[in-house]
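Peer 1: Take a look at the following structure, please.
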Amino acid sequence: MTRFVGLAYCSKPANFSFDQTDEILQIARHNNERDALTGALVYDNSTYLQWLEGGASEIRDVFGRICHDPRHSRIKLLTVQELDDRWFPDWSMTAAVTQDQTLRGLKLVPHLSLSRFDPFGWSEEDVTCFMDALSDYLTHRPVPKSKPLDEDHVSPRMVESNPLAGLDRRLHRLF
């Protein structure tokens, strides 16, 4: 059975405007199809939350590119998990805007509010619950189980100085 890695991170935009998001999504979808990655992007006017899933080396490569992309700042690695199946199998990158009234009206996770979208303050469990619920909503089917990695937990508000090194530590524990 093929094993997948799921990764979630959040970041703030730097040196670009959110008006460029559609262009970035088109490029990401092309690259993700090439690299057999799938995932979801949730964003508002000031924050990105992205879930990526695929093979470990592909996840590491794409996260490395993101960490070195000058359009991102304050990158925080939120969770890395081993997956039995993909959570967003039909999307090279689906996108959801928190201002979308349909999405805001959903109670995806009761204690997380999209009206104050701040994944920097979310715990690993919050991120997992949110992505589980979003996947279930978008795919209309139950989400496959995941196994969170045993990892020293990062304080919810703490941004690692080197998120790529954090990913390497977590991937090393997987493989």
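Each residue of the sequence shown is one higher than the one before, counting from 1 in full-length UniProt numbering. Cβ atoms here follow ideal geometry from the backbone N, Cα and C, with glycine treated the same way. Small disclaimer: the values here were computed from a predicted structure and weren't measured.
(1) Could you give the C-beta distance for leucine 167 and phenylalanine 63, rounded to a whole number, given that I count them as a contact under 8 Å?
(2) I'd like to check one pair, isoleucine 75 with serine 11: are the Cβ atoms closer than 7 Å?
(3) Report back the beta-carbon spacing between arginine 29 and glutamate 53 to the nearest angstrom; my notes put them in contact at under 8 Å.
(4) Helix, strand or coil: how does DSSP classify histidine 72 here?
(5) Which runs of the beta strand (DSSP E) fall wholly inside the UniProt domain "BLUF" (4-94) and span at least 3 residues, in chain order?
(6) How would you label glycine 39, buried or exposed, when you count the other beta carbons within 10 angstroms and need 16 or more for buried?
(7) Taking the beta carbon of aspartate 19 as the centre, do at least 16 other beta carbons fall within 10 Å, making it buried, or is it exposed?
(8) Apply the 10 Å Cβ neighbour rule to asparagine 32 and answer buried if 16 or more other Cβ atoms are within range, or exposed otherwise.
(9) Measure the C-alpha to C-alpha separation of threonine 79 and valine 42 and round it to an integer number of angstroms.
(10) What are the boundary residues of the alpha helix (DSSP H) that includes phenylalanine 120?
(11) Drop a sphere of 10 angstroms on the beta-carbon of glycine 6, count the other beta-carbons inside from all chains shown, and report buried for 16 or more, exposed for fewer.
(12) Can you give the beta carbon distance from alanine 14 to serine 73, rounded, assuming they're within the 8 Å contact cut?
(13) Leaving out five residues on either side along the sequence, give the residues of the same chain with a beta carbon under 6 Å from the beta carbon of tryptophan 122.
Peer 2: Looking at the coordinates:
(1) 5 Å
(2) yes
(3) At roughly 14 Å, the Cβ-Cβ gap does not stay under 8 Å, so arginine 29 and glutamate 53 are not in contact.
(4) strand
(5) Entirely contained in the UniProt domain "BLUF" (4-94), the beta strand (DSSP E) runs reaching 3 residues are, in chain order, 4-13, 38-43, 48-54, 72-83.
(6) buried
(7) exposed
(8) buried
(9) Using only the alpha carbons, I get a separation of about 15 Å.
(10) No alpha helix (DSSP H) holds phenylalanine 120; DSSP gives it neither H nor E.
(11) buried
(12) 4 Å
(13) none
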